[in-house]
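Here's the structure we're looking at; comments come further down.
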Amino acid sequence: MLYRFTIKSKEIITGLFIFLLSFQNVNAINIKSNEINEEVKDIISDTIFYNDIMYIKSQEQHCQTDKHLSRHDKIATKYVSTWNKLIPSYQKIQMYGSIGLVSVGTGWHYCNKKLESEVLLGFIPKYDDTKCKFTLTLRENYIPFNITIKENVLTFDPLIASFYVNSLLDNRFWKREPDKYPDNYYKFSTRIRTHISLGQRFNFDLDGERTIHKSLSVFYEIGTCDLYFISAATNKYLRPKDYLGLSFGLKLQMF
Amino acid sequence: MYPFFFLNNMAYIKNLLICITFFTLCACDLLDVHPYDCKVDGRKNINAQNILEIEKKCLNKDTVRYVWTGDFQRWYDETNDMVKFINKLDNIDFVMSGGDISDFGMTMEFELIDEIMKKLTVPYVSIIGNHDIIGNGYQTFKTMYGEENFSFIAGNTKFVCLNTNALEFDYSHYVPDFQFIKTELESCDENVKRTVMAMHTEPYGEQFNNNVADVFHEYIKTFPNLLFCMHAHAHTRRIVDIFDDEILYYCCDSVKKRTFYIFTITPDSYECELIEF
Chain A
11 MLYRFTIKSK
21 EIITGLFIFL
31 LSFQNVNAIN
41 IKSNEINEEV
51 KDIISDTIFY
61 NDIMYIKSQE
71 QHCQTDKHLS
81 RHDKIATKYV
91 STWNKLIPSY
101 QKIQMYGSIG
111 LVSVGTGWHY
121 CNKKLESEVL
131 LGFIPKYDDT
141 KCKFTLTLRE
151 NYIPFNITIK
161 ENVLTFDPLI
171 ASFYVNSLLD
181 NRFWKREPDK
191 YPDNYYKFST
201 RIRTHISLGQ
211 RFNFDLDGER
221 TIHKSLSVFY
231 EIGTCDLYFI
241 SAATNKYLRP
251 KDYLGLSFGL
261 KLQMF
Chain B
249 MYPFFFLNNM
259 AYIKNLLICI
269 TFFTLCACDL
279 LDVHPYDCKV
289 DGRKNINAQN
299 ILEIEKKCLN
309 KDTVRYVWTG
319 DFQRWYDETN
329 DMVKFINKLD
339 NIDFVMSGGD
349 ISDFGMTMEF
359 ELIDEIMKKL
369 TVPYVSIIGN
379 HDIIGNGYQT
389 FKTMYGEENF
399 SFIAGNTKFV
409 CLNTNALEFD
419 YSHYVPDFQF
429 IKTELESCDE
439 NVKRTVMAMH
449 TEPYGEQFNN
459 NVADVFHEYI
469 KTFPNLLFCM
479 HAHAHTRRIV
489 DIFDDEILYY
499 CCDSVKKRTF
509 YIFTITPDSY
519 ECELIEF
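As they're listed, the protein sequences go chains A and B.
Residue 11 is where the first sequence starts when you use this note's numbering, and the numbers rise one by one after that.
Residue 249 is where the second sequence starts when you use this note's numbering, and the numbers rise one by one after that.
As structure tokens, then:
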């Protein structure tokens with residue numbers, strides 16, 4: 011009974027939310043090719059079809075089809091394209107890293123792919139505890155450089171600097187200490203952990219015809235969390251293996 | 249195979265293999281699931297194992313000499329120095345820790361302290377402190393050290409170690425556990441000549457269930473020849489006769505202050521020395 015699941019409704023909702031975020035973009039591209047004329051086929055990669063109406067993401071192509079659309083369709087096009095920006099651009103799976111044994115999640119990139127925001131749901135097996143635990147992580151990555159090793163094959167990100175906040179979804183852990191304690195008794199939160207990490211990443215381009223993803227990235231990173239850092243800073247006894255954590259994983263880029 | 253051009257060179261492959269092996273060896277230690285993962289890789293059930301050792305070592309001895317310390321919370325350097333210091337001392341039978349092994353209740357803290365404390369040449373036992381309960385520290389403590397209430401007999405002296413951190417639990421978890429105390433009282437036979445109580449928080453401390461502080465004290469006085477009580481938690485050494493009945497409560501300094509007590513229990517009396525390291 012190592013993985014005895016005692017999932018609460020909050021965890022189910024969080025899990026479903028992340029699952030839907032991860033896969034809704036796959037369902038959104040529902041192409042009905044027989045209804046499209048030749049001219050439009052060129053811009054198919056940036057086009058999204060919804061209720062037989064064609065919505066185009068980029069502004070330039072948007073103008074080309076303006077004259078065919080009614081007022082409602084124009085507003086609807088803009089409405090959908092605004093919401094489309096919220097579609098996550100990649101999925102991610104990570105092992106270890108002080109946020110769970112396995113974490114899955116999804117994310118968005120912006121600022122010329124220099125910044126990434128992601129949300130991850132982590133799983134901690136039972137081990138010697140009474141039950142298994144889930145964690146939720148909000149994470150921000152900064153990727154200042156990108157080196158092209160071979161065009162359309164392999165690129166390399168020599169530095170990924172990350173900041174992330176992790177919350178344990180378990181009611182034994184509190185965000186702020188309960189009222190029963192005298193004021194400032196423990197002075198920290200057992201539930202919320204903040205982490206920093208540095209890592210590197212190799213991005214392999216995939217051929218878009220056979221795979222649903224545009225590229226596959228392999229990454230590793232080394233990081234620490236606030237309480238580990240405090241312990242290391244106030245003691246000479248701790249070695250790097252006590253306060254540093256390694257994590258590695260895969261990132262699947264959709265757009 | 250452009251990205252892997254370096255594989256054509258044997259020297260590169262050799263270096264690469266060395267790097268990968270080195271990296272994998274380092275990485276095994278670096279893999280951390282979560283600060284509160286409760287994944288205990290080190291020793292388990294330490295108290296039970298060490299109690300066997302203590303009872304065997306002190307069997308038929310009329311004098312026991314032991315160290316009383318506590319509150320290691322995040323002072324690893326000082327704890328390490330203390331262990332080295334105690335190892336140089338003679339005639340120490342065992343070491344007792346008054347709790348607060350960890351500061352944040354993280355699994356790593358428990359394992360680090362045991363890693364330091366197992367260098368002791370004498371066995372040690374630890375009581376549960378309030379910092380060892382927060383988060384899932386209680387589970388980690390139970391896995392690594394065993395039951396929260398325990399007792400053992402060294403020489404002719406019975407040591408009763410209790411969880412008194414009532415503030416950390418609700419009413420459904422009995423702290424202090426009078427049922428346990430009752431069982432211990434009933435199990436005392438003629439071999440038990442003296443009793444010493446050890447706890448993390450003293451009566452009338454903010455962690456103690458002060459509704460029963462008087463009752464608790466009256467009840468523990470029914471143990472055969474109760475000599476004194478020992479506690480930690482306050483981080484400052486003090487010797488107080490809390491109930492004005494000549495049963496003293498000895499509180500040790502935290503490890504940070506680089507002192508500890510050595511108690512010597514002889515057939516007629518006992519002695520308490522303050523040791524600085």
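Virtual Cβ for every residue (Gly too), placed ideally from N, Cα, C.
Could you name the residues of chain A that residue i contacts, counting a contact when the two beta carbons are closer than 8 Å?
i, result
"Gln-387 of chain B", "Asp-138, Asp-139, Thr-140"
"Pro-283 of chain B", "Ser-108, Arg-203, Cys-235, Leu-237, Tyr-238"
"Leu-415 of chain B", "Lys-190, Tyr-191"
"Thr-391 of chain B", "Asp-138"
"Asn-328 of chain B", "Tyr-247"
Taking the CB atoms as reference points, tell me whether residue i and residue j lie closer together than 9 Å.
i, j, result
"Ile-206 of chain A", "Ala-171 of chain A", "yes"
"Ser-257 of chain A", "Gly-115 of chain A", "no"
"Tyr-509 of chain B", "Ile-523 of chain B", "yes"
"Val-112 of chain A", "Leu-148 of chain A", "no"
"Gly-383 of chain B", "Met-354 of chain B", "yes"
"Thr-165 of chain A", "Phe-183 of chain A", "no"
"Glu-231 of chain A", "Gln-210 of chain A", "yes"
"Gly-377 of chain B", "Val-312 of chain B", "no"
"Val-408 of chain B", "Met-365 of chain B", "no"
"Thr-244 of chain A", "Arg-506 of chain B", "no"
"Leu-89 of chain A", "Tyr-324 of chain B", "For the record, residue 89 of chain A in the displayed sequence is Tyr; it is not Leu. Not closer than 9 Å, so no."
"Phe-212 of chain A", "Asp-167 of chain A", "yes"
"His-282 of chain B", "Ile-157 of chain A", "no"
My understanding is that residue i touches residue j, with C-beta atoms under 8 Å, so please give their C-beta distance in whole angstroms.
i, j, result
"His-379 of chain B", "Ser-350 of chain B", "6 Å"
"Val-315 of chain B", "Ile-340 of chain B", "6 Å"
"Gly-385 of chain B", "Ala-446 of chain B", "Not quite, the Cβ-Cβ distance comes to about 19 Å (not below 8 Å), so this is no contact."
"Leu-415 of chain B", "Tyr-191 of chain A", "7 Å"
"His-483 of chain B", "Thr-449 of chain B", "About 12 Å separates the two Cβ atoms, so there is no contact after all."
"Val-444 of chain B", "Leu-475 of chain B", "6 Å"
"Thr-140 of chain A", "Gly-132 of chain A", "Thr-140 of chain A to Gly-132 of chain A, Cβ: 18 Å. No contact."
"Asp-277 of chain B", "Lys-251 of chain A", "4 Å"
Is it buried or exposed for residue i, if we count other Cβ within 10 angstroms and need 16 for buried?
i, result
"Lys-269 of chain A", "Look at the range of chain A in this structure, 11 to 265, and you will see that residue 269 of chain A is not part of it."
"Gly-218 of chain A", "exposed"
"Met-258 of chain B", "exposed"
"Cys-121 of chain A", "exposed"
"His-82 of chain A", "exposed"
"Arg-486 of chain B", "exposed"
"Leu-265 of chain B", "exposed"
"Phe-214 of chain A", "exposed"
"Tyr-152 of chain A", "exposed"
"Trp-93 of chain A", "exposed"
"Met-249 of chain B", "In this prediction, Met-249 of chain B has a pLDDT of 43, which is less than 50 and means its spatial position is unreliable; nothing more can be read from the coordinates."
"Asp-462 of chain B", "exposed"
"Thr-234 of chain A", "buried"
"Arg-220 of chain A", "exposed"
"Arg-442 of chain B", "buried"
"Cys-267 of chain B", "exposed"
"Thr-470 of chain B", "exposed"
"Ser-43 of chain A", "The predicted model places Ser-43 of chain A with a pLDDT of 43, which falls under 50 and marks its position as unreliable; any figure quoted below should be read in that light. Label assigned to Ser-43 of chain A: exposed."
"Ser-241 of chain A", "buried"
"His-479 of chain B", "buried"
Restricting to Cα atoms, I'd like to know which of the options is closest to residue i.
i, options, result
"Asp-138 of chain A", "B:Lys-366, B:Gly-290, B:Lys-505", "B:Gly-290"
"Ile-513 of chain B", "B:Asn-473, B:Cys-499, B:Asp-492, B:Cys-500", "B:Asn-473"
"Phe-2 of chain A", "A:Pro-154, A:Thr-204, A:Val-163, A:Lys-160", "In the structure as shown, chain A begins at 11 and stops at 265. Residue 2 of chain A is therefore absent and cannot be evaluated."
"Tyr-452 of chain B", "B:Gly-394, B:Arg-485, B:Glu-438, B:Thr-412", "B:Thr-412"
"Ile-103 of chain A", "A:Gly-117, A:Arg-186, A:Lys-95, A:Asn-194", "A:Gly-117"
"Thr-391 of chain B", "B:Glu-359, B:Lys-406, B:Asp-418", "B:Glu-359"
"Glu-161 of chain A", "A:Asn-194, A:Leu-216, A:Phe-198", "A:Leu-216"
"Phe-298 of chain B", "B:Met-344, B:Asn-335, B:Tyr-498, B:Glu-326", "Residue 298 of chain B is actually Asn in this sequence, not Phe. Closest option to Asn-298 of chain B, Cα to Cα, is B:Met-344."
"Tyr-467 of chain B", "B:Asn-457, B:Phe-426, B:Ile-261", "B:Phe-426"
Name the chain B residues whose beta carbon is nearer than 8 Å to that of residue i?
i, result
"Gly-255 of chain A", "Leu-278, Leu-279, Asp-280"
"Asp-245 of chain A", "Note on identity: in this sequence residue 245 of chain A is Asn, with Asp being the wrong assignment. Per Cβ cutoff of 8 Å: Arg-322, Trp-323, Tyr-324, Asp-325."
"Ile-170 of chain A", "Ordered by position in chain B, no residue passes the 8 Å Cβ test against Ile-170 of chain A, which lies about 17 Å from the chain."
"Thr-145 of chain A", "His-282"
Residue i versus chain A: which residues are under 9 Å apart at the beta carbon?
i, result
"Glu-454 of chain B", "Tyr-191, Pro-192, Tyr-195"
Just the chain A side, please: which residues come within less than 7 Å of residue i by C-beta, in chain order?
i, result
"Asn-384 of chain B", "Asp-139, Arg-182"
"Asn-335 of chain B", "Residues of chain A passing the Cβ test: none, with the nearest at roughly 16 Å."
"Leu-360 of chain B", "Asp-252"
Can you list the residues of chain B that residue i reaches, using a CB-CB cut of under 7 Å?
i, result
"Phe-198 of chain A", "Phe-352"
"Leu-111 of chain A", "Val-281"
"Asp-158 of chain A", "For the record, residue 158 of chain A in the displayed sequence is Thr; it is not Asp. Ordered by position in chain B, no residue passes the 7 Å Cβ test against Thr-158 of chain A, which lies about 11 Å from the chain."
"Ile-134 of chain A", "Val-281, His-282, Asp-285"
"Leu-178 of chain A", "Tyr-284"
So which residues of chain E does residue i contact, with C-beta pairs closer than 9 Å?
i, result
"Val-288 of chain B", "Although the question refers to chain E, the structure presented lacks it and instead comprises the protein chains A and B."
Going by the C-beta, is residue i closer than 8 Å to any heavy atom of the ligand ADP?
i, result
"Ala-414 of chain B", "Although the ligand ADP was asked about, the structure shown includes no ligands whatsoever."
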